[in-house]
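**Q** Let me begin by handing over the structure; questions about it come next.
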Amino acid sequence: AQSVTQPDIHITVSEGASLELRCNYSYGATPYLFWYVQSPGQGLQLLLKYFSGDTLVQGIKGFEAEFKRSQSSFNLRKPSVHWSDAAEYFCAVGPGPLYNQGGKLIFGQGTELSVKP
Amino acid sequence: DTGVSQDPRHKITKRGQNVTFRCDPISEHNRLYWYRQTLGQGPEFLTYFQNEAQLEKSRLLSDRFSAERPKGSFSTLEIQRTEQGDSAMYLCASSLGQGRDEQFFGPGTRLTVL
Numbered sequence: 001a002q003s004v005t006q007p008d009i010h011i012t013v014s015e016g017a018s019l020e021l022r023c024n025y026s027y028g029a030t031p032y033l034f035w036y037v038q039s040p041g042q043g044l045q046l047l048l049k050y051f052s053g054d055t056l057v058q059g060i061k062g063f064e065a066e067f068k069r070s071q072s073s074f075n076l077r078k079p080s081v082h083w084s085d086a087a088e089y090f091c092a093v094g095p096g097p098l099y100n101q102g103g104k105l106i107f108g109q110g111t112e113l114s115v116k117p
Numbered sequence: 001d002t003g004v005s006q007d008p009r010h011k012i013t014k015r016g017q018n019v020t021f022r023c024d025p026i027s028e029h030n031r032l033y034w035y036r037q038t039l040g041q042g043p044e045f046l047t048y049f050q051n052e053a054q055l056e057k058s059r060l061l062s063d064r065f066s067a068e069r070p071k072g073s074f075s076t077l078e079i080q081r082t083e084q085g086d087s088a089m090y091l092c093a094s095s096l097g098q099g100r101d102e103q104f105f106g107p108g109t110r111l112t113v114l
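Keeping their order, the protein sequence lines are chains A and B. For what it's worth, this note's numbering labels the leading residue of the first sequence as 1, then goes sequentially. For what it's worth, this note's numbering labels the leading residue of the second sequence as 1, then goes sequentially.
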């Protein structure tokens, strides 16, 4: 079955500290991978994406993620968190290169990030 | 590019009433998706369109739900005889629908069924 697991429902970090949000997936074929961020009451904003190639991808707002095929993981990192990063973060997978076109995304449950001053 | 827009942003209705939501995708995008998000959960796929054709529907989409995209531009999602369990955020996304596809999301419609 296709699924995405975000083991941490809620994480609290101090401003300026580093951050890592975990994401593991189960998918029948090589997927495309995404991280989205959602502020309260808002839609989803794409932070970064992995399609192929370099397994370390850079995104907006200073975020990066590393794809590890052997671990079926796509963890999100940021070296120094800002108070404005407080939000909910979702990892998602979609049909990869074996499919001709894009398709539905499967999302994890999300990780809520709180930032302490 | 004004992004994906959704209307209304909030809807409160009584159980048993019908509601309709509208989504306007990014203008050159061929694919349009509907997702539902309940509190504390990630979005769940409901259905998607390639132009005006509805290509896939989730089992979550009961007979009370219907979606259309009549001219391959905007889309509507109708829920008939609403139930309290329909209370959720309904998200629309659009994409080019080719190659390395990425979906852009609208702000969502928050539905509350009393």
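Note that the Cβ used here is the ideal one computed from N, Cα and C, for glycine as well.
Give the residues from the region 37-64 of chain A that approach chain B closer than 9 Å (Cβ to any Cβ), ordered along the chain.
**A** Within the region 37-64 of chain A, the residues whose Cβ lies closer than 9 Å to some Cβ of chain B are GLN38, GLY41, GLN42, GLY43, LEU44, GLN45, LEU46, LYS49, PHE51, SER52, listed in chain order.
**Q** Out of B:ARG15, B:LYS14, B:LYS11, B:GLU102, state which residue places its alpha-carbon closest to the alpha-carbon of ASN30 (chain B).
**A** For the residues B:ARG15, B:LYS14, B:LYS11, B:GLU102, the minimum Cα distance to ASN30 (chain B) belongs to B:GLU102.
**Q** Nearest to ALA29 (chain A) by CA position, among A:TYR36, A:THR5, A:GLY41, A:ARG69, is which residue?
**A** The shortest C-alpha separation from ALA29 (chain A) is found at A:ARG69.
**Q** Out of curiosity, what's the CA-to-CA distance linking CYS23 (chain B) and LYS116 (chain A)?
**A** Taking the straight line joining both Cα atoms gives about 37 Å.
**Q** The beta strand (DSSP E) with ALA67 (chain B) in it runs from where to where?
**A** Per DSSP, ALA67 (chain B) belongs to the beta strand (DSSP E) from 65-68.
**Q** Quick one, are the C-beta atoms of GLN98 (chain B) and ARG15 (chain B) less than 8 Å apart?
**A** No.
**Q** Taking 8 Å as the CB-CB cut-off, is GLN71 (chain A) touching chain B?
**A** So no, GLN71 (chain A) is outside the interface.
**Q** Answer yes or no: does any C-beta atom of chain A fall closer than 8 Å to that of GLU102 (chain B)?
**A** Yes, GLU102 (chain B) counts as interfacial toward chain A.
**Q** Considering GLN6 (chain B), what are the terminal residues of the beta strand (DSSP E) in which it resides?
**A** Element bounds for GLN6 (chain B): 5-7.
**Q** Determine, for LEU21 (chain A), whether the minimum Cβ-Cβ distance to residues of chain E falls below 8 Å.
**A** Any reference to chain E falls outside this structure, whose protein chains are A and B.
**Q** May I have the straight-line CA-CA distance separating GLN109 (chain A) from SER27 (chain B), to the nearest angstrom?
**A** Using only the alpha carbons, I get a separation of about 30 Å.
**Q** With 8 Å set as the bound, which would you pick, yes or no: does the beta-carbon of PHE90 (chain A) sit closer than that to a beta-carbon of chain B?
**A** It does: the Cβ of PHE90 (chain A) has a partner Cβ on chain B nearer than 8 Å.
**Q** Could you tell me whether the Cβ of LYS104 (chain A) comes closer than 8 Å to any Cβ of chain B?
**A** For LYS104 (chain A), the answer is yes, since a Cβ of chain B falls inside 8 Å of its Cβ.
**Q** Please report the distance separating the alpha-carbon of LEU105 (chain A) from that of GLU15 (chain A).
**A** So the two alpha carbons sit approximately 31 Å from each other.
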